[in-house]
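Asks: Take a look at the following structure, please.
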Amino acid sequence: MKTLGVIGGLGPMATAYFLRRIVEMTDAWTDQEHLDVIVLNRPSIPDRTAYILDRTKPSPLPPIVDAAKTLEQLGACCIAIPCITSHALFSEFSAAVGIPFIHILRETATHLKENGVAAAGILATTGTVRASLFQDALAEQGIRCILPDEANQQRVMSLIYDDYKAGRPLEWEKFQLAAGFVRKQGAECIVLGCTELSLIKRDRPVGPGVLDALDVLARASIQRCGKPLRPAYEQLITRA
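For the working numbering, count along the sequence shown from 1 and bump the result up by 15.
What follows is the structure in structure tokens.
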């Protein structure tokens, strides 16, 4: 039996939701049919956006590498990190172990391509944006990447840090404004490109044309570990 390794805590609630989605999306009828998962919950890992924007800040790389090596030693067959911004360091931490990491951005871009999306609006951390993570992943698939303007990017960061990471209620209007902006710029689909933003979909009906990158990671994790996917989750972009 294959075991998934998870480097969690980035942030903690996003990791909890990721595990919930793995359970919900696995086509299982008994406990024993579900996926074995080893979770190292490490909220102490330094903030990824803070490091990307200012390299004098503490680096998240050493503790991510340490966690990856521990998961490898414990028998994980592959590793998922439910944190998109951390993928700015993907080449470094993936080279530190002999088991593969699941690349959430490439998986998301592939799903968009497979569903005929030509232009996607990205709601993500400023660190993810500055590191061009979605811009590069979507460009590889020939998909136009649409980003919020400065005011709406600040709203996205406030949703992530002031609402979800701080454990405060969601200010729905901030999401509506940011999503509305990228729609007006031609986005056919909005990507929830931060794992904290995935919680919006948990808490509110987001409407059609939204893809949750955390769901993409959950689906890929199930499939990489050889478990069946519930048919309802073959298509992850919300429909009307």
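For each residue, glycine too, the CB sits at the ideal point set by N, CA and C. Here the structure is a predicted model, which means the values were calculated and not measured.
Quick test of the definition: if touching needs 3 or more C-beta pairs under 8 Å, does the stretch 66 to 76 touch the stretch 44 to 54?
Replies: With the cut-off at 8 Å, the stretch 66 to 76 and the stretch 44 to 54 do not touch.
Asks: Could you give the distance in angstroms between the alpha-carbon of Phe-105 and the alpha-carbon of Arg-254?
Replies: Residue 105 sits at position 90 when you count from the first residue of the sequence shown. Residue 254 sits at position 239 when you count from the first residue of the sequence shown. So the two alpha carbons sit approximately 32 Å from each other.
Asks: Count the C-beta pairs between the stretch 139 to 149 and the stretch 168 to 178 that are closer than 8 Å, then say yes if the count reaches three, no if not.
Replies: Touching, yes.
Asks: Select from Met-28, Ala-202, Ile-175 the residue whose C-alpha is nearest the C-alpha of Leu-185.
Replies: For the purposes of this step, residue 185 is identified with residue 170 of the sequence shown, where counting begins at 1. Of Met-28, Ala-202, Ile-175, the residue nearest in Cα terms is Ile-175.
Asks: Roughly how many angstroms lie between the CA atoms of Val-221 and Gln-200, to the nearest whole one?
Replies: Sequence index remark: in the sequence shown, residue 221 carries index 206 (1-based). Sequence index remark: in the sequence shown, residue 200 carries index 185 (1-based). The alpha-carbon atoms of Val-221 and Gln-200 are separated by roughly 18 Å.
Asks: Check this for me: beta carbons of Asp-99 and Thr-143, under 8 Å apart or not?
Replies: Locating residue 99 in the sequence shown gives position 84, where the first residue counts as 1. Locating residue 143 in the sequence shown gives position 128, where the first residue counts as 1. With the sequence shown as reference, residue 99 is identified as Ile, and Asp is not the correct amino acid for it. Yes, the Cβ-Cβ distance between Ile-99 and Thr-143 is below 8 Å.
Asks: For the candidate residues Ile-161, Ile-215, Thr-18, whose alpha-carbon lies nearest to that of Ile-37?
Replies: What you label residue 37 is simply residue 22 of the sequence shown in a count that begins at 1. Nearest C-alpha to Ile-37: Thr-18.
Asks: What beta strand (DSSP E) runs, 3 residues minimum, are completely inside the stretch 95 to 164?
Replies: The stretch 95 to 164 contains these whole beta strand (DSSP E) runs: 134 to 138, 159 to 161.
Asks: Using a 10 Å radius around the Cβ and a threshold of 16 neighbouring Cβ atoms, would you call Asp-227 buried or exposed?
Replies: Counted from its first residue, the sequence shown places residue 227 at position 212. Buried, by the Cβ-count rule.
Asks: Less than 8 Å separating the beta-carbons of Asn-56 and Thr-85?
Replies: For the purposes of this step, residue 56 is taken as residue 41 along the sequence shown, with counting starting at 1. For the purposes of this step, residue 85 is taken as residue 70 along the sequence shown, with counting starting at 1. No, they are not a contact pair.
Asks: Quick one: what does DSSP say Ile-22 is sitting in, helix, strand or coil?
Replies: As a working note, residue 22 is residue 7 in the sequence shown. Here Ile-22 sits in strand by DSSP.
Asks: Please report how far the alpha carbon of Leu-68 lies from the alpha carbon of Ile-252, in whole angstroms.
Replies: For the purposes of this step, residue 68 is identified with residue 53 of the sequence shown, where counting begins at 1. For the purposes of this step, residue 252 is identified with residue 237 of the sequence shown, where counting begins at 1. Each residue's Cα considered, the two are about 31 Å apart.
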